[in-house]
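At position 63 of the sequence shown the residue is numbered 81 (the working numbering), and the sequence of numbers has no breaks. C-beta: ideal position from N, C-alpha, C; glycine also. The structure under discussion appears below in the form of structure tokens.
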Amino acid sequence: MLQALVVGVLIHRALLRHFLYFELGEKENLLKEAEKARDEWETIVAAYPKVKPQYYAHLAICYALEGDREQVESITPKIRALTETVNWKFRRQADCELKIAVAYLVLGDHEKAIEILQDASRLPSPIFVNRELDLWFIFDRLRGNPRFDKLLED
Numbered sequence: 019m020l021q022a023l024v025v026g027v028l029i030h031r032a033l034l035r036h037f038l039y040f041e042l043g044e045k046e047n048l049l050k051e052a053e054k055a056r057d058e059w060e061t062i063v064a065a066y067p068k069v070k071p072q073y074y075a076h077l078a079i080c081y082a083l084e085g086d087r088e089q090v091e092s093i094t095p096k097i098r099a100l101t102e103t104v105n106w107k108f109r110r111q112a113d114c115e116l117k118i119a120v121a122y123l124v125l126g127d128h129e130k131a132i133e134i135l136q137d138a139s140r141l142p143s144p145i146f147v148n149r150e151l152d153l154w155f156i157f158d159r160l161r162g163n164p165r166f167d168k169l170l171e172d
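In structure tokens, the structure reads:
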């Protein structure tokens with residue numbers, strides 16, 4: 019249990035560091051960190067292909083940070099297939115969709131990100147997508163878009 023908690027904290031710290039580099043435009047640091055994280059996630063999912071779907075979602079974000087849209091599009095069906103299973107559907111589906119949206123946002127595809135967020139907001143989930151959108155500073159770049167702002171109101 020403690021190991022899972024430590025891994026969770028490290029994951030979120032790494033994502034936050036990536037997003038800060040992204041926001042600050044520190045491309046060299048961003049690419050170095052994203053490559054390191056990608057290597058770690060690829061090792062984990064290769065060794066344990068049925069791991070938590072959010073591990074694949076974090077990998078999608080790493081691919082996006084590296085600018086690799088093809089890899090993001092390639093891994094997205096795997097993430098969605100995993101979150102469709104009974105074990106993950108309620109607990110992780112909306113969370114993973116939120117992370118897929120982040121990947122498209124990082125790639126600069128704001129419309130695709132909003133489309134994914136709209137769909138995620140309708141999923142039965144213990145997370146409230148609209149609340150998460152208010153907390154993640156990476157979504158600030160979508161503020162002012164009427165479709166995104168509507169999500170914040172719901």
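Taking Cβ positions, are residue i and residue j nearer each other than 7 Å?
{"i": "Leu116", "j": "Ala138", "result": "yes"}
{"i": "Ala78", "j": "Ala121", "result": "yes"}
{"i": "Ile134", "j": "Phe166", "result": "no"}
{"i": "Arg87", "j": "Leu125", "result": "yes"}
{"i": "Asp127", "j": "Asn148", "result": "no"}
What residues in its chain sit with their C-beta under 7 Å from that of residue i, if we drop five residues either side in the sequence?
{"i": "Val25", "result": "Bear in mind that the predicted position of Val25 carries a pLDDT of just 43, short of 50, making it unreliable; the figure below should be weighed with that in mind. Excluding sequence neighbours, Val25 sits near nothing in its chain."}
{"i": "Pro164", "result": "none"}
{"i": "Lys130", "result": "Tyr122"}
{"i": "Val27", "result": "Low local confidence applies: a pLDDT of 40 at Val27 is under 50, so the model's placement there is unreliable, with the coordinate-based value given in what follows. Here the set comprises nothing."}
{"i": "Val63", "result": "Val69, Tyr73, Tyr74 and Leu77"}
{"i": "Pro142", "result": "Phe108"}
Have a look at the options and flag the residue whose alpha-carbon is nearest the alpha-carbon of residue i.
{"i": "Asp113", "options": "Leu151, Asn163 and Glu60", "result": "Leu151"}
{"i": "Arg140", "options": "Gln111, Lys130 and Glu129", "result": "Gln111"}
{"i": "Ala55", "options": "Pro67, Lys107, His128 and Glu84", "result": "Glu84"}
{"i": "Leu169", "options": "Leu153, Arg109 and Gln136", "result": "Gln136"}
{"i": "Arg109", "options": "Phe146, Glu51, Arg159 and Glu53", "result": "Phe146"}
Go through its chain and collect everything with a Cβ distance to residue i's Cβ below 6 Å, but skip five positions before and after it.
{"i": "Glu60", "result": "none"}
{"i": "Phe155", "result": "none"}
{"i": "Phe157", "result": "Leu151"}
{"i": "Val90", "result": "Ala78, Tyr81, Ala82 and Ala121"}
{"i": "Arg161", "result": "none"}
Going along the chain, which residues of its own chain have a beta-carbon closer than 8 Å to the beta-carbon of residue i, five neighbours each way excluded?
{"i": "Ile93", "result": "Tyr74, Leu77, Ala78 and Tyr81"}
{"i": "Glu102", "result": "Gln111"}
Does the structure place the segment 67-76 close enough to the segment 89-102 that three or more beta carbon pairs sit under 8 Å?
Taking 8 Å as the limit for Cβ pairs, the verdict is that the segment 67-76 does touch the segment 89-102.
Complete runs of the alpha helix (DSSP H) confined to the segment 112-156 [at least 4 residues]
128-138 and 147-153
Suppose only complete runs of 4+ residues qualify. What are the alpha helix (DSSP H) ranges in the segment 41-103, listed by chain order?
45-65, 71-83 and 87-101
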